[in-house]
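Residue numbering for the sequence shown follows this note's numbering, starting at 13 and increasing by one per position. To start, the structure under review is shown below, and the notes come after it.
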Amino acid sequence: MATTYRSLSIAVETTFGSPDSDGVPSTAGLTYISIPCERDPIVIAGEPVASERNDARDGAYFNAPEPDTVYNSSGNRIRRRTGQIVCRVDLTTIGTAANNYDTNYLGLLLGAGFKTQVPSANLKSDTASAVSNVNTYTPTSAPAVADVGLLVGSLINGRAEYSAITDNDVAGDVTISPAFSAGFTGTPTVRGLQTWYVPSRANSGEFKSSIAFKIDGANFQSLAFGCVLESLNITLDSGRLMGEFTYQAAFITDNHGAASTPIEPVFNTGAPALFRGAYTVISNGSPASSSNGTVGETQGRVALDCEDFSLTVTNTLTPLAYSNDVIAMSGMDISDVNVELSLTLSTVSSTVANDYFNRTVRQVIVGTGPFGDGKGCAIMLPAAILTNDPSAYDVSGNDIVRQTLTYQQARYAGDFTTSSYEANAGNSPFRIGLTVGNV
């Protein structure tokens with residue numbers, strides 16, 4: 013008898029589906045990293061793709077279905093399934109040892125559904141030489157143009173605060189939006205976050221790279237190739253942010269003969285993202301949205317009494333189908349994206365009372381603690397619209413009146429350099445950031 017202890021490993025693909033010279037997915041050249049994820053969602057997944065044979069017959073029986081596959085050089089059918097791979101993992105950051113997530117399991121998981129931008133060396137950790145106001149500071153080392161749109165954070169009065177760069181050089185100053193709190197004075201340290209984002213305009217539909225998965229157990233092994241993020245759901249587990257990543261796999265097969273044991277995962281050395289010691293913030297006004305801004309956005313801030321939140325990002329995946337090989341596609345495009353951020357407030361906010369009926373656009377940031385070198389996580393909709401009436405309070409319980417705000421991404425156009433900046437994370441409609449090590 014064998015136990016069901018099992019592990020899930022991830023590898024980045026250089027070619028979608030990792031085909032060999034015969035067009036069959038192969039693990040050759042893939043370097044797998046074991047993910048410290050929850051065990052329950054790790055299952056041998058997928059269903060065979062087959063055509064039912066409803067042929068004429070002379071009695072009450074069935075004919076075996078015809079699998080959709082190819083034959084190898086020995087004349088044997090290639091085993092193939094398709095389906096979903098689910099990975100549930102917390103957002104523990106990378107720590108001080110690395111300055112990006114490019115080869116880290118979190119970076120690979122996010123990169124299969126988003127583009128990403130690493131902060132420049134100057135932005136990884138910069139002590140401001142002066143602060144003009146809560147939206148403007150003078151850097152000691154100037155960030156790059158490519159940093160426009162990136163999430164940034166600072167520890168202010170012992171709490172993590174987050175914003176985003178809207179212009180890297182306004183007569184030597186940096187502008188951010190929404191504002192930090194009034195405690196942003198003196199010479200604070202500002203840290204850039206590696207930011208994953210939904211690209212827009214000319215870059216719509218792009219993401220960093222497809223990935224491959226491997227499930228290992230005591231006497232079983234399953235392989236999935238050509239995996240692209242279909243949905244990301246972030247919820248709270250006693251204050252800890254948990255991400256449930258669901259991927260569509262183009263090709264799933266088994267290699268039980270090569271099974272050995274589960275692979276012990278290596279944990280990140282930063283800190284888990286906790287919904288504590290940070291703020292949930294909306295802007296006090298509306299950022300540039302339908303029309304491009306002419307300067308970097310500098311919105312004020314309104315901190316909300318938010319007791320709970322959930323985020324769901326849903327990608328519509330469209331296969332780039334062909335008949336060349338058993339994978340049956342050369343890739344998957346993300347043809348549409350829907351972001352839904354739901355906030356539950358324990359104190360009703362009058363600021364947003366008329367936002368739904370006035371079609372008001374606001375910036376929204378959900379921050380987490382702790383914050384420091386290699387520690388910190390934030391979620392941002394730089395332009396968000398309400399999809400529910402905020403005056404319909406939740407009075408269903410027997411304790412307090414609550415207010416639910418459900419936001420969806422809108423067009424954003426408040427990032428600026430010498431013109432509206434639409435490269436990298438600039439003017440992207442959704443962003444999630446993780447702090448990197450200052451190395």
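C-beta atoms are modelled at their ideal positions from N, C-alpha and C, and glycine is treated no differently.
Check                                                                                             : Outcome
Nearest-angstrom Cα separation, counted from Y209 out to V157                                     : 17 Å
One or two residues paired with N267 in a DSSP bridge                                             : DSSP output for N267 lists no bridge partner at all.
Euclidean distance between Cα positions of Q149 and L248                                          : Inspection of the sequence shows that residue 149 is occupied by Tyr rather than by Gln. Looking at the two C-alpha atoms, the distance is approximately 33 Å.
Simplified DSSP state of Y368, which is helix, strand or coil                                     : helix
Residue closest to Y433, alpha-carbon to alpha-carbon, out of G312, N350, D159, T326              : D159
Residues that DSSP places opposite V349 in a beta bridge                                          : N327
Where the alpha helix (DSSP H) containing E449 begins and where it ends                           : Residue identity check: residue 449 is Gly in the sequence provided, not Glu. That residue, G449, is in no alpha helix (DSSP H); it is neither H nor E in DSSP.
C-alpha distance - N88 paired with Q260, whole-angstrom precision                                 : 26 Å
Residue from E25, R51, D185 whose Cα sits closest to the Cα of G41                                : E25
Within 9 Å, strictly: CB atoms of G255 and L244                                                   : yes
Residue environment, G379, which counts as buried when at least 16 other CB atoms sit within 10 Å : buried
CB-CB length for L121 against I22, believed under 8 Å                                             : 7 Å
For Y209, the first and last residue of its enclosing alpha helix (DSSP H)                        : First-last for Y209: 201-209, but that is the beta strand (DSSP E), not the alpha helix (DSSP H).
Inter-residue Cα distance where the pair is Y368 and Y419                                         : 10 Å
Assigned secondary structure, L167 (DSSP; H/G/I helix, E/B strand, else coil)                     : strand
For D337, three-class secondary structure by DSSP                                                 : coil
I275 versus I47, G381, R423, G289, residue with shortest Cα-Cα distance                           : I47
Run of the alpha helix (DSSP H) containing Y149, from where it starts to where it stops           : Where Y149 is concerned, there is no enclosing alpha helix (DSSP H), although the beta strand (DSSP E) it sits in stretches over 148-150.
At least 3 beta-carbon pairs within less than 8 Å: the stretch 59-67 vs the stretch 209-225       : no
Cβ pair Q421, V351 closer than 9 Å                                                                : yes
G312 - containing beta strand (DSSP E), residue span                                              : Counting along the chain, G312 falls outside any beta strand (DSSP E), and DSSP gives it neither H nor E.
G426 versus S302 - alpha carbon distance                                                          : 10 Å
Within 9 Å, strictly: CB atoms of V376 and T292                                                   : yes
For P60: DSSP bridge partner residues                                                             : R93
The stretch 102-113 in contact with the stretch 279-297 per 3-pair CB rule at 8 Å                 : yes
Helix, strand or coil at A214 [DSSP, three-state]                                                 : helix
N- and C-terminal bounds of the beta strand (DSSP E) containing Y419                              : 415-421
For I97 and A236, believed in contact at Cβ under 8 Å, the rounded distance                       : 5 Å
Beta-carbon gap between N169 and P151 smaller than 9 Å                                            : no
heavy atom of the ligand MG below 8 Å from G204 C-beta                                            : This structure simply doesn't include the ligand MG, nor any ligand for that matter.
Given S212 as reference, the closest of T197, S347, T94, F192 once Cα atoms are compared          : S347
Reduced DSSP category for D406 - H, G, I as helix; E, B as strand; rest coil                      : strand
Meets three-Cβ-pair contact criterion under 8 Å: the stretch 167-182 and the stretch 398-408      : no
Residue closest to G165, alpha-carbon to alpha-carbon, out of G381, R423, L253, M344              : G381
A14 versus Y73, T199, L329, D228, residue with shortest Cα-Cα distance                            : D228
Sub-9 Å separation of V360 and Q415 beta-carbons                                                  : yes
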